[in-house]
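Counting in the numbering used here, the sequence shown runs from 7 upward without gaps. Take a look at the structure below.
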Amino acid sequence: MTTGEEAAFRALAARRLHVAPPPLHSFSDDDLNPTARMIPQHEEPKPAAVLVPVVPRADGLTLLLTERQPHLRRHAGQIAFPGGRIDATDQDATAAALREMEEETGIAPSFVEPLGFLDTYLTSTNYRVVPVVAMLRPGFRVTPQEAEVKDVFEVPLDFLMDPAHHERHSRDWQGRTRYYYAMPWQGRYIWGATAGMIRNLYRLMYEPA
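Now the structure itself:
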């Protein structure tokens, strides 16, 4: 049975999400760093897609995220949306996001209902990411891909959509200070591109006009 909160999210998504992926990126990891850019300016970005899965629970909506294994060569231990590079065999960004979701978490595509798209996001590693917002029907079974995914967990959407929790943190990079969004939650450090896309979800759907 559809809850009032789920129905309100669906109605908002129908009004405010993009019905097709924007062809060019609107946001990037360099947005907070005009004098400390690290994204290559003259290289073609690699196409990628992630799923932004919203789960309707009895006590409210949540956002499903993954924690990468700490031993990985790249992005070790980071919090991320399920997703990855768009392969030549993928029909489109949505197909890629659903494939990656199943590979990383074991969640079958039959539980996923795509609702629309966020603005395309360019990462510091030069991936042009299409975020696919979807409703994830409860009852799914999680089987993390052990080689890559340490954990799959959910965060209350209310927490992530509160701009008071969109903190600006910084790190030194090649002698310069780079800034990024971070949303620490119960010992989980959500930051970087993932936090940037969550911030994009807030801007697109909840930020006052």
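For every residue, glycine included, the Cβ atom is placed at its ideal position computed from N, Cα and C.
Residue i - containing beta strand (DSSP E), residue span
i: residue 198; result: Premise fails: residue 198 lies in the alpha helix (DSSP H), 198–211, not in any beta strand (DSSP E).
i: residue 178; result: 173–179
i: residue 33; result: 31–34
i: residue 68; result: 66–74
i: residue 185; result: 182–188
i: residue 128; result: 126–128
First through last residue of the alpha helix (DSSP H) which encompasses residue i
i: residue 166; result: 163–166
i: residue 15; result: 10–22
i: residue 105; result: 99–111
Contacts around residue i, its chain only, beta-carbon distance under 6 Å, and the 5 residues preceding and following it disregarded
i: residue 96; result: 102
i: residue 156; result: 73, 75
i: residue 84; result: 74
i: residue 201; result: 187, 188, 189
i: residue 28; result: 125, 126
i: residue 172; result: 187, 205
i: residue 198; result: 186
i: residue 59; result: 70, 140, 142
i: residue 167; result: 208, 212
Same chain only: Cβ atoms within 7 Å of residue i, ignoring 5 sequence neighbours per side
i: residue 7; result: Here residue 7 scores only 44 on pLDDT, less than 50, and its place in the model should not be relied on; the value that follows carries that caveat. There are no such residues.
i: residue 179; result: 42, 44
i: residue 183; result: 42, 176
One or two residues paired with residue i in a DSSP bridge
i: residue 141; result: 60, 119
i: residue 85; result: 73
i: residue 157; result: 73
i: residue 133; result: 52
i: residue 91; result: 54
i: residue 194; result: 191
Whole-angstrom C-beta distance between residue j and residue i, which should lie under 8 Å
i: residue 45; j: residue 130; result: 6 Å
i: residue 154; j: residue 70; result: Not confirmed; about 16 Å, so no contact.
i: residue 211; j: residue 19; result: 7 Å
i: residue 122; j: residue 23; result: 3 Å
i: residue 108; j: residue 90; result: The pair is not a contact, with the Cβ atoms about 12 Å apart (cut-off 8 Å).
i: residue 138; j: residue 99; result: 6 Å
Sequence-distant residues of its chain with Cβ nearer than 8 Å to residue i (five each side left out)
i: residue 112; result: 147, 148, 149, 150, 151
i: residue 12; result: 62, 67, 141
DSSP-derived helix/strand/coil call for residue i
i: residue 7; result: Because the pLDDT of residue 7 is 44, which lies under 50, any placement of that residue in the model is unreliable, and the question is left without a value.
i: residue 55; result: strand
i: residue 26; result: coil
i: residue 47; result: coil
i: residue 42; result: coil
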